[in-house]
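Below is one structure; the comments refer to it alone.
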């Protein structure tokens, strides 16, 4: 289906990146797609996500952007991450070729494990390619302050990648004139809802 | 009263759905309605809600959408759900025919009970129809990660279904020229408020 | 100073009201005012607030709106309310005539005290008028679910009544063409900030 | 690079200020800058921040605005502040001349330490100028209620100073007509993501 959301002029990009000794981790949000309905309205046809990008370090404050590894968090995976307790872990498994003929050839996993003493988390990506016989692993320690930024940014992003901000925007700023109403709150409105 | 909010062209829809073995649960927000005041402004005339839709499973990853059961959460019920502790339960009772001649014929209840070990909740709907002598019950286990998405989406939606986002939007982007003011914060402004 | 913010056409109103046996409590947000600066921009000249309105009950689900009592929460008082622990109390004192010749004649206090067992709060207003020798007190029990709605609505409202939502809105959707930049995150940007 | 974001007409300013016996502390948010990309979109070229401004008291409710000290919090420092536990402390060090020939001449530090008994924090700034041989220190006690306002305002500001609100705004309100789609949620969409 033709989707005008793909028109990128005017699109704005923002990310949050932490640079560490062995690798860097950058996160950025991706908007959902909408498809037009016959009613004239539109509906989320594909959820957005939050993309995690890992870059290996190749020297003092130098990173190799050609060797990046990607992992896109779904809304439920974002929910898992933002509700993670200080001593809890979580792990997600993705197959980038799911439902294609290459299914099972590449296996990606993302794990988040506590650094200990409520001081942050290790964020690890493992990519196993059974065709090319490669096994890449990148690990980025994230401080409590950095994880607080990620948690706040992901909590903010979550309703947006699900399209709820757009579903909750009133596209009719000025309602038509109707009969004047009593401006007082009325108890019945609570019981009837 | 005529209400232009009912014009649906341009309206955007978004939901969050979890598919489980015996049933699926989908939630989506519904905007409040405003009525015009004589002053030219407008006021919430009916609160929005968050609609829960349950679908029974009729096979492997197949759901019967004609047998859906609906339950609309009011702002206060949303408040109850988002403040639910990990070991707490809540239950709501609705009569879809309240204040009509059919009052009491259909009784709906929604209960949310912990799965145990801080691992999520069961969300159950029961619909008892005393005329048709039916008693339908659908139950969906929701993981901690999925409930975190619901909690975040409902917390985001709550001020919107109450119309507070619209009441807090300044519709006057450019104030008129006024006397230049000292730009410094002043202690008296704190005490006078 | 002339302030176009006072033009009310297009203004939208929303509140949250709980109706109880002896009184009802309604809360609604009030926007801040901005004054124009010589630079062409504008600055908050008076903070917004959250208005609490109490109505006494005069019968079964009947309230006397002419006997309402008002209490406007400042941003700091909103901060106190939303950070209240389940067993904590808070109390605020206002003098509606502060800095006028009537200072001290009317004393208002608002107190919020726990109902016990993490089940909500009593919200009480006391208005002592030493001229008219009156002492009015209204008290509304607020359930945990209702307080959760208030906390969520007030947390949402707080940055808006302080004008931070407007200060954080970019009024320049399309920056001018500048030199093309490398799109990759760069470690130096973190250290230089 | 020319940056139209510097056009200040229409810009709105808001802050939050606490006035105490020995000094006042004011905080206000600063927007990120965007640079245009060749695709026609734009990207954050410099993160925003939250500026803390300290003013020494020079008498009863009088403050000397010429002796102000500034400290700009980066997104990660904001993350540290909003995740601070009631008994925790944090400290940040800035060098306003970093990477210039004056590097190391002026050292600023900001520390936030608990007042004790979950009653708030001391916010302290120290500015050591090794050229002018000065050592300035200002300290402002912040109540629990005031810190709750700061935490809420900073949590709100964080996604904005990172530009995520702009990256998550759909600049395409009306998608083009596409093939009509089934409006029902479908389980496969969950597994495929």
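Residue numbers (the numbering used here), protein chains in the order written: chain V, 797 to 989; chain L, 797 to 989; chain S, 797 to 989; chain Y, 797 to 989. Ideal Cβ placement from N, Cα and C applies to all residues, glycine included.
Rounded C-beta distance between residue 826 of chain L and residue 845 of chain L? I'm assuming under 8 Å. About 5 Å separates the two Cβ atoms, so the contact holds.
Can you list, in chain order, the residues of the region 948-963 of chain V whose Cβ is nearer than 7 Å to any Cβ on chain Y? Of all residues in the region 948-963 of chain V, the ones placed with a Cβ closer than 7 Å to any Cβ belonging to chain Y are 948, 949, 952, 953, 956, 962, in chain order.
Residue 893 of chain L: which of L:829, L:923, L:912, L:883 sits nearest, CA to CA? For the residues L:829, L:923, L:912, L:883, the minimum Cα distance to residue 893 of chain L belongs to L:923.
Who are residue 820 of chain Y's beta bridge partners in DSSP? DSSP lists Y:815, Y:851 as partners of residue 820 of chain Y.
Given this structure, state the Cα-to-Cα distance separating residue 815 of chain L from residue 957 of chain L, to the nearest angstrom. Residue 815 of chain L and residue 957 of chain L: Cα-Cα distance of roughly 25 Å.
Under a CB-based cut-off of 7 Å, is residue 986 of chain S close to chain L? Reliability fails at residue 986 of chain S, whose pLDDT of 38 lies under 50, so the model's placement of it is uncertain and the value that follows must be treated cautiously. No, no contact with chain L.
Could you tell me which chain Y residues have their CB closer than 9 Å to the CB of residue 830 of chain S, listed as they occur along the chain? Simply 808, 809, 810.
Given this structure, state the Cα-to-Cα distance separating residue 910 of chain S from residue 884 of chain S, to the nearest angstrom. CA-CA distance, residue 910 of chain S to residue 884 of chain S, rounds to 7 Å.
According to DSSP, is residue 797 of chain S part of a helix, a strand, or is it coil? Here the model assigns residue 797 of chain S a pLDDT of 36, short of 50, so the residue's position is not dependable, and the following value carries that caveat. Per DSSP, reduced to three states, the secondary structure at residue 797 of chain S is coil, with no helix or strand assignment.
Any C-beta of chain Y under 7 Å from that of residue 876 of chain S: Contact of residue 876 of chain S with chain Y is assigned, a C-beta pair being separated by under 7 Å.
What did DSSP end up calling residue 930 of chain Y once you bin it into helix, strand or coil? Of the three classes helix, strand and coil, the one that applies to residue 930 of chain Y here is strand, per DSSP.
Collapsed DSSP secondary structure at residue 951 of chain S in the structure displayed: Note: residue 951 of chain S maps to helix in three-state DSSP.
If the cut is a Cβ gap below 9 Å, which residues of chain V does residue 844 of chain Y touch? Using a Cβ-Cβ cut-off of 9 Å, residue 844 of chain Y is close to nothing in chain V; its nearest Cβ partner there is about 10 Å away.
What would DSSP say about residue 987 of chain S, mapped onto helix, strand or coil? Summary for residue 987 of chain S: the model assigns pLDDT 38, below 50, so the residue's position carries little reliability; its value from the coordinates is reported in the next sentence. If DSSP states are grouped into helix, strand and coil, residue 987 of chain S belongs with the helices.
For chain S, is any of its Cβ atoms less than 7 Å away from the one on residue 941 of chain Y? Answer yes: the Cβ-Cβ gap between residue 941 of chain Y and chain S drops below 7 Å somewhere.
Short-range partners of chain Y found in the region 892-925 of chain V, where Cβ spacing is below 8 Å: With the criterion set as a beta carbon lying under 8 Å from some beta carbon of chain Y, the members of the region 892-925 of chain V are 894, 895, in sequence order.
What are the boundary residues of the alpha helix (DSSP H) that includes residue 869 of chain S? That residue, residue 869 of chain S, is in no alpha helix (DSSP H); its beta strand (DSSP E) goes 865-869.
Under 9 Å from the C-beta of residue 838 of chain V: neighbouring residues of chain L: Contact of residue 838 of chain V with chain L by beta-carbon distance below 9 Å involves 806, 807, 808, 809.
Residues in its own chain within less than 7 Å of residue 940 of chain S by CB, not counting five upstream and five downstream? Sequence-distant partners of residue 940 of chain S (beyond 5 residues in either direction) whose C-beta falls short of 7 Å from its own C-beta, in its chain, are 914, 915, 916.
Given that residue 821 of chain L touches chain V, what residues does it touch there, using C-beta distances under 7 Å? Those within 7 Å of residue 821 of chain L in chain V number zero; the least Cβ separation is about 13 Å.
What are the boundary residues of the alpha helix (DSSP H) that residue 963 of chain S is part of? That run of the alpha helix (DSSP H) goes 960-963.
How should residue 928 of chain V be labelled, buried or exposed, when 16 other C-beta atoms within 10 angstroms of its C-beta is the threshold for buried? Exposed is the call here.
Once the 5 residues before and after residue 843 of chain Y are set aside, which same chain residues still bring their CB inside 8 Å of it? Within the same chain, residue 843 of chain Y has close Cβ partners 828, 870, 871, 957, 958, 959.
If you drop the 5 nearest sequence neighbours on each side, which residues of the same chain put their C-beta closer than 6 Å to that of residue 808 of chain L? The beta carbon of residue 808 of chain L lies closer than 6 Å to none in the same chain, with the five residues before and after it left out.
Starting from the beta carbon of residue 944 of chain Y, find every residue of chain S whose beta carbon is closer than 8 Å, and list them in chain order. Within chain S, the residues near residue 944 of chain Y are 875, 876, 878, 879.
Please report how far the alpha carbon of residue 852 of chain L lies from the alpha carbon of residue 813 of chain L, in whole angstroms. One C-alpha to the other measures close to 13 Å.
Can you say whether residue 862 of chain L is buried or exposed, counting buried as having 16 or more other CB atoms within 10 angstroms of its CB? When all chains shown are included, residue 862 of chain L counts as exposed.
Is DSSP giving residue 904 of chain V helix, strand or coil here? Looking at residue 904 of chain V - three-state DSSP - the assignment turns out to be strand.
Quick check: is the beta carbon of residue 825 of chain S nearer than 7 Å to any beta carbon in chain C? Judged by its chain identifiers, the structure shown contains no chain C, and its protein chains are V, L, S and Y.
Closer than 7 Å at the beta carbon, the chain S residues around residue 966 of chain L: Residues of chain S passing the Cβ test: 827, 962.
What does residue 849 of chain V touch in chain L if you count any residue whose Cβ is under 7 Å from its own? Within chain L, no residue has its beta carbon less than 7 Å from that of residue 849 of chain V; the closest one is some 22 Å off.
From the beta carbon of residue 882 of chain Y, is the nearest beta carbon of chain V less than 7 Å away? For residue 882 of chain Y, no Cβ of chain V is located within less than 7 Å of the residue's own Cβ.
Between which two residues does the beta strand (DSSP E) containing residue 832 of chain L stretch? Run containing residue 832 of chain L: 829-832, per the beta strand (DSSP E) assignment.
Quick check on the burial criterion: 16 or more other C-beta atoms within 10 angstroms. Buried or exposed for residue 897 of chain V? With fewer than 16 other CB atoms across the displayed protein chains lying within 10 angstroms of its CB, residue 897 of chain V is exposed.
Can you tell me where the beta strand (DSSP E) holding residue 893 of chain S begins and where it ends? Per DSSP, residue 893 of chain S lies in no beta strand (DSSP E) segment and is marked neither H nor E.
Between residue 930 of chain Y and chain V, is the shortest Cβ-Cβ distance under 7 Å, so that the two count as touching? Taking Cβ atoms only, chain V never reaches closer than 7 Å to residue 930 of chain Y, which makes this a no.
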